[in-house]
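Straight run, no breaks: the sequence shown in the numbering used here ends on number 813. A short write-up of the structure that comes next.
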Amino acid sequence: MTDEPGAPREGDLALARAASLGDREAFEQIVLRHGPGMLRYARRVLSDPGDAEEAVQDAFVAAWRSLDRYRGDAALRTWLFGLTSHKALDIARRRRPLPVDDGAVASRPADDRSDPTLHAEGSDLARALDEALASLPYRQRACWLLAEIEGLPPREISEVLGMGPDVVRGQLARARRALEERMATWRP
């Protein structure tokens, strides 16, 4: 059994069944397999590492408590992203919107072997994308991140966010259009 996110659905289902019976090692495998993607999604949708970690932790607590009700109708990954999305939305509703602070967007440390100009341009591009994403309404940002970063199809995004597939496609179209406008200065 592989730990890759694209692992067979049957492997996830077997892990979920074992974890629902109290198998902590099976649950640990679920966390190892899906936690990184959930955290990546939560960080981008919440724009705060602490809030993101809280959302993922809350999602895993909820998963542990409700695994006995997971029937396997949706992929485990989709179900877990749904829990993460709900927990992230709860956190986003609790806090006040804060203006984007240029210093809050962390850039990767420079690689001594890289060209400093390319590093600076890459950091500026990443910062601009993070700021553009942060300016999107929550649903647009969530749809875009699930589609473009996590690679979920609209049907699964629909399940994760609890909205119809047509709404997901509309949110994605609006997000892409808004990002295209905001990132226009980065085009050659």
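For each residue, glycine too, the CB sits at the ideal point set by N, CA and C. Quick caveat, the model's predicted, so the values are computed rather than measured.
Option nearest tyrosine 695 by Cα separation, candidates Ser645, Gly636, Pro674, Ser760: Ser645
Look at the Cβ atom of alanine 680, then the Cβ atom of glutamate 784, and state whether they are nearer than 7 Å. Not a contact, by the Cβ cut-off of 7 Å.
Where tyrosine 695 falls: helix, strand or coil (DSSP): coil
Under 7 Å, do leucine 770 and alanine 800 count as touching if we go by C-beta distance? no
Whose C-alpha, out of Gln765, Tyr763, Leu705, Arg766, is nearest the C-alpha of alanine 687? Leu705
Threonine 709 versus proline 790 - alpha carbon distance: 19 Å
So, helix, strand or coil for glutamate 775, using DSSP? coil
Here's the rule I'm using: 16 or more other beta-carbon atoms within 10 Å means buried, otherwise exposed. How should threonine 810 be labelled? exposed
Do alanine 677 and alanine 684 have their C-beta atoms closer together than 7 Å? no
From what residue to what residue does the alpha helix (DSSP H) around methionine 663 run? 649-671
Over the uninterrupted alpha helix (DSSP H) stretch that includes alanine 803, give me the two end residues. 790-807
Does serine 691 pass the burial test, meaning 16 or more other C-beta atoms within 10 Å, or should it be called exposed? Exposed, since its Cβ has fewer than 16 Cβ neighbours within 10 Å.
Contact defined as beta carbons within less than 8 Å: I believe cysteine 768 pairs with leucine 754. What is the distance between those atoms, to the nearest angstrom? Rounded, the Cβ-Cβ distance is 16 Å, inconsistent with contact.
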